[in-house]
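Comments concern the structure below.
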Amino acid sequence: MKNFASSSSSSPSSSSSPSSSSSPSSASNDTLALALAAGALVVAGAATAYLATGRREDSREGRVARWIKETRAARAKPHSEEKTKMIAGETYKCSDKQLSADRDLSHDGCALFNSLALSEHASLRKRVLAELLENELVHVEAPFHVDYGYNLRCANGVYFNFNCIVLDSAPITIGESTMFGPGCQLATPNHPLSARERHSEPFPEIGKRISIGKHCWFGAGVIVCPGVTIGDECVLAAGSVVVKDIPSRSLAAGCPAKVIRSDL
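Residue numbers (the UniProt record's numbering): 1 to 264.
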C-alpha cells in the first residue's frame, strides 16, 4: 500500500509552484520602487543644494548690507578728541575706542571684499569698495587692506594691484589714473623713537600726510613712508622705499629712493 501521508509535501502542485517573492511581476515592482527612491534622493539632494546656495547668497548679501549700515552709522558719529587729533596730524592715542571701532569696521570690509569672487560677486565687491573708499571709480585687486578708508582719497581711475596695504592714519590723496603694482605700501603712522615712550600708555602715535600726484606709476613692492609728497607723472622703480619728496615727472629708485631722471 502506498503511503499517502507523506505525498502531500512532495506533490507536484506544491513543489513546482513558485513563491510570490520571486514572481516576475514582484521583481519588476521592487526594481521600480528602488528606481523611484533613488530618483527621489537625487531630487532631494539637488533641492537641498539649491536651497543651500540660495542661503549662501542671502548670507553674503545680508553681510554686505549689515556692514554698509554699520559703517555709515559709525562715520556719521561726532569725532572723538583722539580721532580729531589723528586726522589733524597731531599725536593721538591709537587705542581710542572710536578709532578701534573704525579700524575693526574697515578690516571687516576688507575681509568681505577679499572673500568675494570677482567672477560671481562683482556687484557686491563694487558696493563694498564704494563704501570703503567712498569712490566707485577706483580699481582694486584682492587682497587689499586699508586701516580706516575714510582718510584715503583717490581720484577716478586709480588702480591698486594685488596685496596693496594702506595705513591711512593721516589723510592720503592720490591723483587720477595713478597705478600701484602688487605689494605696494602707503604708511602714514609714526611712533616715538624712544622704546620707553613707545611702549607706555597711552601708546602715542602720529600720522603724517602722504600726497601723490596724477598719472604716476609705482612698481611692485614700493613703500611710501610718512609725510612724503610725490608729484605728477612720476615713476617709482620696483622695491623703492620713498622717504623724501619726489618732484613731478621724475624717475626714482632705490632704498632710500633717489631721483635718477627728472625729464619724464
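For glycine and all other residues, C-beta sits at the position ideal for the given N, C-alpha and C.
Contacting residues, own chain, Cβ-Cβ under 6 Å from residue i (five flanking each side not counted)
{"i": "C216", "result": "T178, C234"}
{"i": "L132", "result": "G109, G149"}
{"i": "R209", "result": "A170, P171"}
{"i": "R196", "result": "none"}
{"i": "L186", "result": "V166, I172, I210, V224"}
{"i": "L116", "result": "L124, R125"}
{"i": "K85", "result": "Y92"}
{"i": "G157", "result": "E176, S177"}
Residue i and residue j closer than 8 Å at C-beta
{"i": "V228", "j": "V241", "result": "no"}
{"i": "G175", "j": "I212", "result": "yes"}
{"i": "residue 282", "j": "P202", "result": "Shown here, the chain extends from 1 to 264; a query on residue 282 therefore has no answer."}
{"i": "G183", "j": "G231", "result": "no"}
{"i": "L99", "j": "K83", "result": "yes"}
{"i": "Y146", "j": "V166", "result": "Note on identity: in this sequence residue 146 is Val, with Tyr being the wrong assignment. For V146 and V166, yes; Cβs fall inside 8 Å."}
{"i": "I87", "j": "N151", "result": "yes"}
{"i": "H121", "j": "R60", "result": "yes"}
{"i": "L112", "j": "V64", "result": "yes"}
{"i": "T256", "j": "K244", "result": "Note on identity: in this sequence residue 256 is Pro, with Thr being the wrong assignment. For P256 and K244, yes; Cβs fall inside 8 Å."}
Extent of the continuous beta strand (DSSP E) to which residue i belongs
{"i": "L152", "result": "152 to 154"}
{"i": "R261", "result": "258 to 261"}
{"i": "H145", "result": "144 to 146"}
{"i": "A252", "result": "251 to 253"}
{"i": "A187", "result": "185 to 187"}
{"i": "C164", "result": "164 to 167"}
{"i": "I212", "result": "210 to 212"}
{"i": "T91", "result": "That residue, T91, is in no beta strand (DSSP E); it is neither H nor E in DSSP."}
{"i": "I172", "result": "172 to 174"}
Range of the contiguous alpha helix (DSSP H) that encloses residue i
{"i": "G207", "result": "First-last for G207: 204 to 207, but that is the beta strand (DSSP E), not the alpha helix (DSSP H)."}
{"i": "R127", "result": "118 to 133"}
{"i": "A88", "result": "81 to 88"}
{"i": "C110", "result": "97 to 115"}
{"i": "A195", "result": "195 to 198"}
Contact with chain B by residue i, beta-carbon distance below 8 Å
{"i": "A220", "result": "Judged by its chain identifiers, the structure shown contains no chain B, having just a single protein chain."}
Neighbourhood of residue i by C-beta, 8 Å cutoff - its chain only, sequence neighbours within 5 removed
{"i": "A130", "result": "E136"}
{"i": "P143", "result": "C110, N114, F162, N163"}
{"i": "K258", "result": "A252"}
{"i": "L264", "result": "E233, C234, V235, R249, S250, L251"}
{"i": "K77", "result": "Q98"}
Same chain, Cβ closer than 7 Å to residue i, neighbours up to 5 away in sequence not counted
{"i": "S262", "result": "P247, R249, S250"}
{"i": "A253", "result": "A237, S240, I260"}
{"i": "F180", "result": "Y159, F160, N161, C164, F218"}
{"i": "residue 334", "result": "A question about residue 334 goes unanswered here, because the residues of the chain that appear run from 1 up to 264."}
{"i": "D102", "result": "A74, Y148"}
{"i": "residue 268", "result": "Since the first residue shown for the chain is 1 and the last is 264, residue 268 is missing from the structure and cannot be characterised."}
The ligand ATP heavy atom lying under 7 Å from the CB of residue i
{"i": "M179", "result": "No copy of the ligand ATP appears in this structure; indeed no ligand is present at all."}
Sufficient close CB pairs (3 or more, under 8 Å) joining the segment 116 to 129 to the segment 61 to 78: yes
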